[in-house]
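K.L.:
One structure, pasted below without further comment.
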Amino acid sequence: MEYNSDAARLQTLSREQLKRAAKILKLKGYSNKNKSEIISMISENKKKVSDAVYDENETVLRIREVLGLST
8 MEYNSDAARL QTLSREQLKR AAKILKLKGY SNKNKSEIIS MISENKKKVS
58 DAVYDENETV LRIREVLGLS T
């Protein structure tokens, strides 16, 4: 049941947004998939989504520090 609720929430995103997410998650073969197939790929890799957020936040923090933007 959890898969269906994830899919329903992801359905609100555009195909381009889903493709960008798949690229960030480093999923393979997303570019020639339709929206439903990309949603399936992302849902199956749910743990990667969580890891990607942490990786992204860490990268942004490093950039902020280097540019002197950190508080």
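Throughout, my numbering is defined as the position within the sequence shown, counted from one, plus 7. Using N, Cα and C, we set each Cβ at its ideal position, and we do this for glycine too.
1) Can you tell me whether DSSP reads residue 18 as helix, strand or coil?
2) Determine the closest residue to residue 50 out of 39, 72 and 32, with distance taken between C-alpha atoms.
3) Are residue 45 and residue 18 close, meaning C-beta to C-beta below 8 Å?
4) Have a look at residue 16 and residue 66 and give me their C-alpha separation to the nearest angstrom.
5) Rounded to whole angstroms, what's the CA-CA distance from residue 28 to residue 54? Just pull it up for me.
P.N.:
If we stick to the structure as given:
1) Three-state DSSP puts residue 18 in coil, outside helix and strand.
2) Residue nearest to residue 50 within the set 39, 72 and 32 is 32 (criterion: CA-CA distance).
3) Taking 8 Å as the Cβ cut-off, residue 45 and residue 18 do not qualify as a contacting pair.
4) A straight line joining the alpha-carbon of residue 16 with that of residue 66 spans about 27 Å.
5) Our two residues, residue 28 and residue 54, have alpha carbons roughly 13 Å apart in a direct line.
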